[in-house]
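Terminal number for the sequence shown in our numbering: 1553, no gaps in between.
Don't be surprised by glycine CBs; every beta carbon is placed ideally from N, CA and C.
These numbers come from a predicted model, not from an experiment.
In what follows, a single structure is set out as structure tokens and then discussed.
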Amino acid sequence: DNPSPVEKRSALDLLPSTALVAMACCATGSNRGYDELVPHHINVVTEDRLYQSITENTRPPRGHVNNKTGLISAKRALNTLHQTLGTTGFNQVYVDQVDQDIVSVTRHNPTTHQSVILVARTAFSKPGHMETGHVPPLCVPGVIEEIILEAKVSWSKNTSAYKADASFINGLPEYAVQMREHLTVNESSTVEQRWVQESQAVQELDFVNFPPGSVIAFKVSLNAATKSAILKVRQCLSQFGYRMRTISGRNIT
1301 DNPSPVEKRS
1311 ALDLLPSTAL
1321 VAMACCATGS
1331 NRGYDELVPH
1341 HINVVTEDRL
1351 YQSITENTRP
1361 PRGHVNNKTG
1371 LISAKRALNT
1381 LHQTLGTTGF
1391 NQVYVDQVDQ
1401 DIVSVTRHNP
1411 TTHQSVILVA
1421 RTAFSKPGHM
1431 ETGHVPPLCV
1441 PGVIEEIILE
1451 AKVSWSKNTS
1461 AYKADASFIN
1471 GLPEYAVQMR
1481 EHLTVNESST
1491 VEQRWVQESQ
1501 AVQELDFVNF
1511 PPGSVIAFKV
1521 SLNAATKSAI
1531 LKVRQCLSQF
1541 GYRMRTISGR
1551 NIT
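Listed below in structure tokens is the structure:
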């Protein structure tokens, strides 16, 4: 019964909003049409058009969508991340509002002390520009194992504007998602990495290409010195009754 988020916010905000929801430690879902960028409320009482069928065709014919349509590929990657976090013990959630538009969510595994951090740049209204502008750097203690995904919504002025199809429920054709998965920091087009301590224990990520409608998620683990220190503390605690078990070849309590 609610208006489409495109009507209340903007098409650019659909990706960061669904990415933030995917980082929640609970069941998630969305209405049909969200991932296809349908820009209006689909009224189940008065709507008599058909949903579009899904095809593997790289050039889907009228009445069809493929994994390149709208947010479909990005939602698949985010759903995979959501399921992985839920089944592998990332059950602690931390949320930080970096600035007015940027939100950071961390899912932490208290056993392995690995974390997955997702940063999203919301766009509640269509911005007047699509430049990154000033984004506060993100301080990351530890080692970035990989960038799980980086994605952004792009708008093309060369694509025809939205027009409601007479037979099928269609979405906005002028918006598309650019996404890459499983990258090193050096391969990223979104952030640049620099160390801020001589010990090489803390690093900062500078956002160089992060316009409204962008998200990035990366996996972080403890550095070697911290892992060794935690192991020594746990070995000392074991003599007082703390049980030790082995995960990934390392003894932990």
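Following the DSSP letters along the chain, one finds GLN1535 inside the alpha helix (DSSP H) bounded by residues 1524-1538. Unbroken beta strand (DSSP E) runs of no fewer than 3 residues, entirely contained in the stretch 1427-1496, are found at 1438-1441, 1443-1455, 1475-1483, 1491-1495, following chain order. Taken through DSSP and simplified to helix, strand or coil, VAL1306 comes out as helix. For the pair LEU1385 and SER1353, the Cα-to-Cα distance works out to about 30 angstroms.
Here THR1459 is exposed. Its C-beta has fewer than 16 other C-beta atoms within 10 Å. For GLU1431, same chain residues with a beta-carbon under 7 angstroms away, outside a window of 5 residues either side, are PRO1511 in chain order. For THR1406, there is no enclosing alpha helix (DSSP H); the residue is found in the beta strand (DSSP E) stretching over 1402-1408. Here ALA1324 carries a coil assignment [DSSP, helix/strand/coil].
The beta-carbon separation of LEU1315 and ALA1451, rounded to 6 angstroms, stays under the 8 angstroms limit for a contact. Remark: C-beta atoms of SER1425 and ARG1309 approach each other more closely than 8 angstroms.
Using a Cβ-Cβ distance cut-off of 8 angstroms, the stretch 1408-1427 and the stretch 1385-1394 are in contact, since at least three pairs of beta carbons, one from each stretch, lie closer than that value.
When DSSP states are grouped into helix, strand and coil, SER1521 belongs to the strand group.
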